[in-house]
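Structure record follows, encoded as structure tokens.
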Amino acid sequence: NAGVTQTPKFRVLKTGQSMTLLCAQDMNHEYMYWYRQDPGMGLRLIHYSVGEGTTAKGEVPDGYNVSRLKKQNFLLGLESAAPSQTSVYFCASSHMTGGNQPQHFGDGTRLSIL
Amino acid sequence: AQSVAQPEDQVNVAEGNPLTVKCTYSVSGNPYLFWYVQYPNRGLQFLLKYITGDNLVKGSYGFEAEFNKSQTSFHLKKPSALVSDSALYFCAVRDGGFKTIFGAGTRLFVKA
Chain R
48 NAGVTQTPKF RVLKTGQSMT LLCAQDMNHE YMYWYRQDPG MGLRLIHYSV
98 GEGTTAKGEV PDGYNVSRLK KQNFLLGLES AAPSQTSVYF CASSHMTGGN
148 QPQHFGDGTR LSIL
Chain L
96 AQSVAQPEDQ VNVAEGNPLT VKCTYSVSGN PYLFWYVQYP NRGLQFLLKY
146 ITGDNLVKGS YGFEAEFNKS QTSFHLKKPS ALVSDSALYF CAVRDGGFKT
196 IFGAGTRLFV KA
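Going line by line, the protein sequences match chains R and L.
With positions in the first sequence counted from 1, the corresponding number in my numbering is that position plus 47.
With positions in the second sequence counted from 1, the corresponding number in my numbering is that position plus 95.
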């Protein structure tokens, strides 16, 4: 039972490069989320999706794009990486039944932008 | 707007002693409150939640949390701490919508 799987686990990029972070869940969850975690700031929501083919902006969406072409996958893209995007990125998913369902997290992608 | 505050960056406790990790929140309407734990190089793991009903909520690994509506608090507690409880703990609030707001986190250090 894999839960939420993120790839890659680590990546180093140069400023201006692009990349895509992959998230897959096998729990048939409707909702999926991308967060970034920075020291002392908790988790901040980048983008989220309430279903296949839908996405919405979160708290810190600038510099990121997302796509949800399949229900089980949620992709986060950096078109032109900047050092300020150095962070740990977490994907999460949850059931759609109201606000009382906990989120299930992947183990993160540690991204460094030089 | 909803918000969560964890006033302590770190909590230190001796093994076997009770522990408390504090959380206060602000949300319009009825809150959904959560505690998560994060171990090194891992994602967050759900511990417990308050939706409605009893003010004392029991969760995983012997943890519990006390909901206090008048003080808008949701403190995490455990009667007897273990060294293995050392981790980063996050309080989170959701107002029934799509978004969850997380606190900055409190690092718990349990000394043997």
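Yeah, the Cβ is synthetic: ideal placement off N, Cα and C, and Gly gets one too.
Since the structure is predicted, the reported quantities are computational estimates derived from the model, not experimental observations.
Could you compute how far the alpha carbon of residue i sits from the alpha carbon of residue j?
i	j	result
serine 114 of chain R	leucine 122 of chain R	5 Å
phenylalanine 162 of chain L	valine 59 of chain R	43 Å
proline 174 of chain L	threonine 101 of chain R	44 Å
leucine 92 of chain R	leucine 142 of chain L	20 Å
glutamine 166 of chain L	arginine 157 of chain R	37 Å
alanine 207 of chain L	alanine 182 of chain L	14 Å
glycine 198 of chain L	glycine 63 of chain R	31 Å
leucine 114 of chain L	lysine 172 of chain L	6 Å
Comparing C-alpha positions only, which one of the options sits nearest to residue i?
i	options	result
valine 97 of chain R	L:Lys206, L:Ala96, L:Gly200 and L:Gly192	L:Gly192
asparagine 75 of chain R	R:Leu158, R:Gly155 and R:His151	R:His151
serine 179 of chain L	L:Ala96, L:Ala109, L:Asp104 and L:Gln97	L:Ala109
lysine 61 of chain R	R:Phe137, R:Glu126, R:Pro149 and R:Asn147	R:Glu126
valine 116 of chain L	L:Glu103, L:Pro126, L:Val122 and L:Tyr127	L:Glu103
aspartate 77 of chain R	R:Gln148, R:Asp154 and R:Leu158	Checking the sequence shown, residue 77 of chain R turns out to be glutamate, not aspartate. Glutamate 77 of chain R has its Cα closest to that of R:Gln148, out of R:Gln148, R:Asp154 and R:Leu158.
alanine 71 of chain R	R:Lys117, R:Pro86, R:Ala103 and R:Gly63	R:Lys117
glycine 50 of chain R	L:Cys118, L:Gly148 and L:Gly138	L:Gly138
What are the partner residues of residue i, as DSSP defines its beta bridges?
i	result
glutamate 159 of chain L	L:Lys153 and L:Lys172
isoleucine 196 of chain L	L:Val188
valine 51 of chain R	R:Gln72
Name the chain C residues whose beta carbon is nearer than 9 Å to that of residue i?
i	result
lysine 164 of chain L	Protein chains in the displayed structure are R and L, and chain C is not among them.
task: Report the residue ranges of all beta strand (DSSP E) runs contained in full by the region 59–105 of chain R; include only those spanning at least 3 residues, in chain order.
output: The DSSP assignment places complete beta strand (DSSP E) segments of no fewer than 3 residues inside the region 59–105 of chain R at 66–72, 78–84, 90–98 and 101–104, in order along the chain.
- prompt: Is the region 102–118 of chain L touching the region 196–205 of chain L in the sense that three or more CB pairs, one from each, lie closer than 8 Å?
  reply: Here the region 196–205 of chain L lies against the region 102–118 of chain L, with 3 or more beta-carbon pairs under 8 Å apart.
field: In chain order, each beta strand (DSSP E) run of at least 3 residues that lies wholly inside the region 111–151 of chain L
entry: DSSP runs (the beta strand (DSSP E)) wholly in the region 111–151 of chain L: 114–116, 119–121, 127–133 and 139–145.
field: beta strand (DSSP E) runs wholly inside the region 100–137 of chain R, at least 3 long, in chain order
entry: The region 100–137 of chain R contains these whole beta strand (DSSP E) runs: 101–104, 111–114 and 120–125.
query: Three or more beta-carbon pairs under 8 Å between the region 112–129 of chain L and the region 78–89 of chain R, yes or no?
result: Counting C-beta pairs closer than 8 Å gives fewer than three between the region 112–129 of chain L and the region 78–89 of chain R, which falls short of the contact rule.
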